[in-house]
Amino acid sequence: MEIALQDSNVKSITKDIDFTYHKENLVYNNETIKILKPIQVKGKVVVSQGIADVKLSVDTRMLHTCSRCLEQFEQDLELNVDEKVSKNEQEDGNIITLEEGNILDLRDVVLNNIYLALPIRILCKEDCKGLCQTCGANLNHEQCSCRSDEVDPRLSALKDMFKEV
Ligand SMILES: [Zn+2]
Ligand SMILES: [Zn+2]
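For the sequence shown, position 30 (counting from the first letter as 1) is numbered 29 according to numbering that gives the first Met the number 0, and the numbering increases by one without interruption.
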């Protein structure tokens with residue numbers, strides 16, 4: 000879905016937006032996130048004096064991998080886009096400038112906003128216990144036996160000192 004910003008110098012144009020963006024994967028923090036359903040984009044764009052006022056709602060579903068326990072889980076993503084884009088640099092810092100040309104591709108706007116909405120660390124749940132460093136057991140599901148022997152590396156240095164005495 001592309002919008003030409005140059006046409007609008009004459010009068011303001013309002014475009015109703017309703018499209019589906021088929022994209023299979025996102026790459027985020029070197030991880031591939033699978034997109035499970037086509038990204039639904041709805042809303043309105045008003046172009047006036049070379050500036051597009053973009054108001055969209057975005058809806059999709061993704062398959063994430065927990066960065067702590069490495070389990071995969073599905074999650075819906077819904078977000079609203081509310082931003083202004085200009086083909087020329089504006090004094091107003093809230094207005095985003097197009098990198099080049101006069102064509103605003105709403106798919107780029109949608110993708111950027113999805114990336115911004117993702118958390119820095121993707122977790123299956125806030126208190127995910129992760130994997131045992133020793134045996135690799137998923138501590139959300141089981142309690143492994145090596146856990147009690149786990150010693151802080153700083154403490155283990157101390158333990159060695161005592162041995163020598
Ligand atoms: Zn997890
Ligand atoms: Zn273990």
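Ideal Cβ placement from N, Cα and C applies to all residues, glycine included.
Item: Pocket of ligand 1 defined by Cβ to heavy atom distance under 7 Å; Value: C65, R67, C68, E70, L122, C123, K124, C127, G129 and N139
Item: Closer than 8 Å: A136 CB and nearest ligand 2 heavy atom; Value: yes
Item: S144 Cβ short of 8 Å to ligand 2 heavy atom set; Value: yes
Item: Cβ-based neighbour list, C143, same chain, cut-off 7 Å, excluding 5 preceding and 5 following; Value: C131, C134 and A136
Item: Distance between beta carbons of L105 and V40, contact taken as under 8 Å; Value: 7 Å
Item: DSSP-derived helix/strand/coil call for R106; Value: helix
Item: Endpoints, beta strand (DSSP E) assigned at H140; Value: Here H140 belongs to no beta strand (DSSP E), and DSSP marks it neither H nor E.
Item: Where A116 falls: helix, strand or coil (DSSP); Value: helix
Item: Proximity test, T31 beta-carbon vs ligand 2 heavy atom, cut-off 8 Å; Value: no
Item: Selected residue, minimal CA-CA separation from Q74, among K33, C68 and E98; Value: K33
Item: T59: CB within 8 Å of a non-hydrogen atom of ligand 2; Value: no
Item: Opening and closing residue of the beta strand (DSSP E) in which A51 lies; Value: I50 to T64
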